[in-house]
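Colleague: The following block contains the structure, expressed as structure tokens.
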Amino acid sequence: MMESLIRVRDLLNPYAYLDVTVFDPSPNPWCGPNYAPDMPEALTNVYTSDMSVRYWDTEHVADWLKANGYAHFVGTMFAPRAIIGKYFQDSAKKSIACMNAFEYIREQATKVTLSDCVAVETPTRNYKFDYVVLCTGGATSSDPYGLQGQDNFFSTPYPLKETLNSIGAEERVGIIGSGLSAVDLTLGLIAKNHRGPITLMSRRGLLPSVRRPPVKYSLQYFTVKGVEDIVAAKGSLSIRDLIKLTYRELDHAGASKQEIIDEVLSERYGIDRLRHQMARLDDGEIADQLCIKILATACEDAWYFLSCAEKKYLYSNFRHIVYSLCCPMPKHRAAQILRLADSGQLSILRGLRSVSKDEQGHFVAFAEGNSIIRFDRVFSAISGENRPSPMALPIIEGLLKTGQASPHPLGGLNVERTTSRLIDAHNRPQTRLYALGNTVSGALYIFNGVFLLARRSAHVAQSILEYQKNTETARHSPRSIYA
Ligand SMILES: Cc1cc2nc3c(=O)[nH]c(=O)nc-3n(C[C@H](O)[C@H](O)[C@H](O)COP(=O)(O)OP(=O)(O)OC[C@H]3O[C@@H](n4cnc5c(N)ncnc54)[C@H](O)[C@@H]3O)c2cc1C
1 MMESLIRVRD
11 LLNPYAYLDV
21 TVFDPSPNPW
31 CGPNYAPDMP
41 EALTNVYTSD
51 MSVRYWDTEH
61 VADWLKANGY
71 AHFVGTMFAP
81 RAIIGKYFQD
91 SAKKSIACMN
101 AFEYIREQAT
111 KVTLSDCVAV
121 ETPTRNYKFD
131 YVVLCTGGAT
141 SSDPYGLQGQ
151 DNFFSTPYPL
161 KETLNSIGAE
171 ERVGIIGSGL
181 SAVDLTLGLI
191 AKNHRGPITL
201 MSRRGLLPSV
211 RRPPVKYSLQ
221 YFTVKGVEDI
231 VAAKGSLSIR
241 DLIKLTYREL
251 DHAGASKQEI
261 IDEVLSERYG
271 IDRLRHQMAR
281 LDDGEIADQL
291 CIKILATACE
301 DAWYFLSCAE
311 KKYLYSNFRH
321 IVYSLCCPMP
331 KHRAAQILRL
341 ADSGQLSILR
351 GLRSVSKDEQ
361 GHFVAFAEGN
371 SIIRFDRVFS
381 AISGENRPSP
391 MALPIIEGLL
401 KTGQASPHPL
411 GGLNVERTTS
421 RLIDAHNRPQ
431 TRLYALGNTV
441 SGALYIFNGV
451 FLLARRSAHV
461 AQSILEYQKN
471 TETARHSPRS
481 IYA
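Numbering of the sequence shown is given in UniProt numbering, commencing with residue 1 and proceeding in unit increments.
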């Protein structure tokens, strides 16, 4: 957000006075929970080339990696997230130097109220700003079977460097979830020389798919403009339109439609599916990679225009497969997972129904068609990301109560697509209140990623600086905040 503010200020109004205050009580400023110091097994889920804080300058991250001794992670590589956290911290320091004024408040913002300015409360003080941007992230833990408080249960795998410390090398570890966090955790355990059995358990037993080789291709049809054109012509957008647009793009690129149909409708799961994907990794097909490009380029805008009923349908029936396909794991990780499975140490359990504790203090998992399995330790590796951060709830509830924001039927707050302005109870976009990321999950968000946030932050910056210029309210220094 800060990088975008600076860029738009320099482009639109170089004399604008940029005075930014950031609120965050996090012990690791600028890293959030996901890029804080941790074991190297907590790995980026996209190429490092997609981790730039400047959406207009993808080399920014590459330059930093090269200058800081991490040249081997440049480009279509994956880096420990803690290294990316250092990049974020360094970038923030440089951004601060480009502000006219800056303050970092290590406190939780508890209330945001709009009048002629925007007031922000913390437990100790009140502040006034011209604009507020909520960048409060998502929940970091989950507890689908009500195990919180039980000894030896962890509601999040992170930070691995702490949660893995107490695990005995021979203990039986159960992991709820079979996505990227479950893979981080499994490989973290192995890095700690874990010898006991590890079981990944979920309803569908789907692992992240394996990343195919990168392809160079610029989307021609399934772009934000392509989506907007359909809406302009028809007044609406449907899943059928999106399928047609996808097929048009795949045809144009000479990619196989069947490849995608097979992936989406496949009955395979777990290790069988992974093995199947590994065997076909170098067959020259590019449909998967194009679909990832489509998701990264236009999914938020397409999602925004779909009807609530269609969003709900997609969410309930295809979210798991989209998650599995959109952030595939690198080939070397998939190979490690296969080796562990072949050695008998790792199993994937599908049809999970419940996890509880028995009278002997062991965890007991029950899955359809399986006998019960006992564990010494259980982790939940299900991302809480689609829920707002609990720390943000007082702000969100306050804004809803006063009608200064409105709820989206699928969760989070309503937001204007092209500016990220919050929409109030009377359906009016607020000119001083903005939100990015998980806070607007129902309206915009299918999956979260730095490259998507970086792009949206540019909309916010543009909107703030244009509004400021048009209304010429620069009576005093404009202060924007990011919480
Ligand atoms: C395990 C995991 C791994 C991921 N890996 C990647 C990846 O490799 N690449 C990628 O692009 N995306 C990844 N993501 C997606 C990730 O969510 C985004 O990349 C990014 O971290 C989101 O940034 P954010 O600023 O919206 O939220 P966050 O990074 O979560 O930051 C939100 C911050 O707001 C603070 N906060 C919350 N409420 C308040 C309040 N009331 N007052 C003050 N401060 C507050 C929190 O302390 C926190 O520091 C990952 C997500 C998860 C869960």
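Idealized CB from N, CA, C, for every residue including glycine.
Residue 115: which of 88, 366, 430 sits nearest, CA to CA?
Modeller: Among 88, 366, 430, the Cα nearest to that of residue 115 is on 430.
Colleague: In terms of residues, what are the limits of the alpha helix (DSSP H) holding residue 162?
Modeller: Segment 160-163, the alpha helix (DSSP H) holding residue 162.
Colleague: On a Cα-Cα basis, can you pick out the residue from 67, 97, 20 that is closest to residue 131?
Modeller: Selected option, being the one with the closest Cα: 20.
Colleague: Would you kindly work out how many angstroms separate the C-alpha atoms of residue 102 and residue 119, rounded to a whole number?
Modeller: Rounded to the nearest angstrom, the two C-alpha atoms are 17 angstroms apart.
Colleague: Quick one: is residue 15 buried, meaning 16 or more other Cβ sit within 10 Å of its Cβ, or exposed?
Modeller: Exposed: under 16 other Cβ atoms inside 10 Å.
Colleague: Which residues in the same chain have their Cβ closer than 6 angstroms to the Cβ of residue 152, if we skip the five residues on either side of it in sequence?
Modeller: Closer than 6 angstroms at Cβ, skipping near neighbours: 377.
Colleague: Could you tell me how far apart the beta carbons of residue 421 and residue 413 are, in whole angstroms, since I believe they sit closer than 8 angstroms?
Modeller: Going by Cβ atoms, the distance from residue 421 to residue 413 rounds to 11 angstroms, so no, they are not a contact pair.
Colleague: Going by C-alpha to C-alpha distance, which of 206, 245, 35, 230 sits closest to residue 272?
Modeller: Considering only alpha carbons, the answer is 206.
Colleague: By a C-beta neighbour count over all protein chains shown, 10 Å radius and 16 as the cutoff for buried, is residue 4 buried or exposed?
Modeller: Answer is buried; the Cβ neighbour count reaches 16.
Colleague: Say the cut is 8 angstroms; is the CB of residue 378 nearer than that to a heavy atom of ligand 1?
Modeller: No, the Cβ of residue 378 stays beyond 8 angstroms of every heavy atom of ligand 1.
Colleague: Counting Cβ pairs closer than 8 angstroms, one from the region 218-225 and one from the region 293-301, do we hit at least three?
Modeller: Enough Cβ pairs lie closer than 8 angstroms, so yes.
Colleague: So which of 125, 276, 286 has the shortest CA-CA distance to residue 255?
Modeller: Here the closest residue by C-alpha is 286.
Colleague: Is residue 442 helix, strand or coil by DSSP?
Modeller: Helix, per DSSP.
Colleague: Just to confirm my understanding: we take residue 455, look at its own chain, exclude 5 residues before and 5 after, and list those with CB closer than 8 angstroms. What are they?
Modeller: Within the same chain, residue 455 has close Cβ partners 55.
Colleague: Keeping to the same chain, check which residues put their C-beta closer than 6 angstroms to that of residue 474; ignore five residues upstream and five downstream.
Modeller: At residue 474, the pLDDT of 47 sits below 50, so the modelled position is not reliable and the matter cannot be decided from this model.
Colleague: Please identify the residue among 11, 89, 24 whose C-alpha is closest to the C-alpha of residue 37.
Modeller: Comparing Cα positions, the closest option is 89.
Colleague: Going along the chain, which unbroken runs of the alpha helix (DSSP H) with 4 or more residues stay wholly within the region 114-185?
Modeller: The qualifying runs are 160-163.
Colleague: Using three-state DSSP, classify residue 450 as helix, strand or coil.
Modeller: Here residue 450 sits in helix by DSSP.
Colleague: Using only the alpha-carbon positions, how far apart do residue 127 and residue 121 sit?
Modeller: C-alpha separation (whole angstroms): 6 angstroms.
Colleague: Leaving out the 5 sequence neighbours to the left and right, which residues in its chain are closer than 7 angstroms to residue 462 when beta-carbon positions are compared?
Modeller: Only 8 meet the Cβ criterion.
Colleague: Could you check whether the Cβ of residue 45 sits closer than 8 angstroms to any heavy atom belonging to ligand 1?
Modeller: Yes, the beta carbon of residue 45 sits closer than 8 angstroms to at least one heavy atom of ligand 1.
Colleague: Rounded to a whole number of angstroms, what is the C-alpha to C-alpha distance between residue 107 and residue 2?
Modeller: Rounded to whole angstroms, residue 107 to residue 2 spans 19 angstroms at the Cα level.
Colleague: Examine the Cβ distances between the region 359-374 and the region 385-395 and report whether three or more of them are shorter than 8 angstroms.
Modeller: No, the region 359-374 is not in contact with the region 385-395.
Colleague: Just to confirm the assignment, what range does the alpha helix (DSSP H) spanning residue 192 have?
Modeller: No alpha helix (DSSP H) contains residue 192, which DSSP labels as neither H nor E.
Colleague: Using a Cβ-Cβ cutoff of less than 6 angstroms, which residues in the same chain neighbour residue 340 once the five nearest sequence positions on both sides are dropped?
Modeller: Cβ neighbours of residue 340 beyond the five flanking positions: 346.
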